[in-house]
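Asker: Take a look at this one; I'll ask things after.
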Amino acid sequence: VFYFGLDDKKIIQDQDTALGRLASKFFFGPSDEFRNQTFKLIPRIVEGNLLVRKSVGSKPAILGKKLKLHYIRTDRFMEIIVDIGSEKIAERIVKLSIGYAKTMVVDMAFLLEGVHVSTLPERLLGAVRMSKIDFKDRDGHRMCHLV
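Note that the sequence shown covers residues 73 to 219 in my numbering.
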């Protein structure tokens, strides 16, 4: 689970900026289809197994084009749930990655895809680095299961 926040909501509402024009439609507009075509991930395996690095790559991906995304919205937050199991290749890559997670360093950047000149340049919404994660609890039981 990753959380990103803003100091001032006006940043994503301002129609005078490229980010505001795109973000206001994404966060406050009615269309999940628009959100599905806009939410972008740029992954990067900094350290880790060569097979996993080749499988993941570092090419930007519009997540809603391949995976089911679910949105929960209020006037104060938006939650995006990415259903990895909705696409078999993504599910296999995640299962493979979990086995090597303790040896991996993964960067993920999240942004909104700017298609029109009025929504460029794109701006980063947030980024995370996951470093050598152990998916087992203190007793050695795996905490993360994909079926």
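Just so you know, even glycine gets a beta-carbon here, dropped at the ideal spot from N, CA and C.
Here's a check: name, in chain order, each residue in its chain whose Cβ is nearer than 8 angstroms to the Cβ of leucine 141, leaving out the five neighbours to either side.
Answerer: Closer than 8 angstroms at Cβ, skipping near neighbours: Asp104, Arg107, Asn108, Phe111, Leu135, Ile152, Ile153, Val154 and Asp155.
Asker: Which whole runs of the beta strand (DSSP E) in the region 102-166 are 3 residues long or more, in chain order?
Answerer: Taking only runs of at least 3 residues, the beta strand (DSSP E) segments lying wholly in the region 102-166 are 111-119, 140-145 and 150-155.
Asker: Under the assumption that glycine 120 contacts methionine 176 (Cβ atoms under 8 angstroms), give the Cβ distance between them as a whole number of angstroms.
Answerer: About 4 angstroms separates the two Cβ atoms, so the contact holds.
Asker: If I measure Cβ to Cβ from leucine 218 and keep anything under 8 angstroms in the same chain, skipping five residues before and after, which residues do I get?
Answerer: Note on leucine 218: pLDDT 48, under 50, position unreliable in the model; no value is reported.
Asker: Quick check on DSSP: helix, strand or coil for valine 73?
Answerer: In the structure shown, valine 73 sits in coil (DSSP, three-state: anything other than H, G, I, E or B).
Asker: Any idea what DSSP makes of glycine 198, helix, strand or coil?
Answerer: If DSSP states are grouped into helix, strand and coil, glycine 198 belongs with the strands.
Asker: For the alpha helix (DSSP H) holding alanine 95, just list the boundary residues, first then last.
Answerer: Looking at the DSSP string, the run of the alpha helix (DSSP H) that includes alanine 95 is 90-100.
Asker: Find the nearest neighbour of arginine 116 within the set Phe100, Ala133 and Pro102, judged by alpha-carbon distance.
Answerer: Looking at the Cα atoms, Ala133 is the closest of the given residues.
Asker: Give me whichever residues DSSP pairs with alanine 181 in a beta bridge.
Answerer: DSSP output for alanine 181 lists Ile114 and Ala199 as bridge partner(s).
Asker: Exposed or buried, what is leucine 91 when buried is set at 16 or more other beta-carbons lying within 10 Å of its beta-carbon?
Answerer: It counts as buried.
Asker: Would phenylalanine 76 pass as a contact of leucine 183 if the rule is Cβ separation under 8 angstroms?
Answerer: Cβ atoms of phenylalanine 76 and leucine 183: not closer than 8 angstroms.
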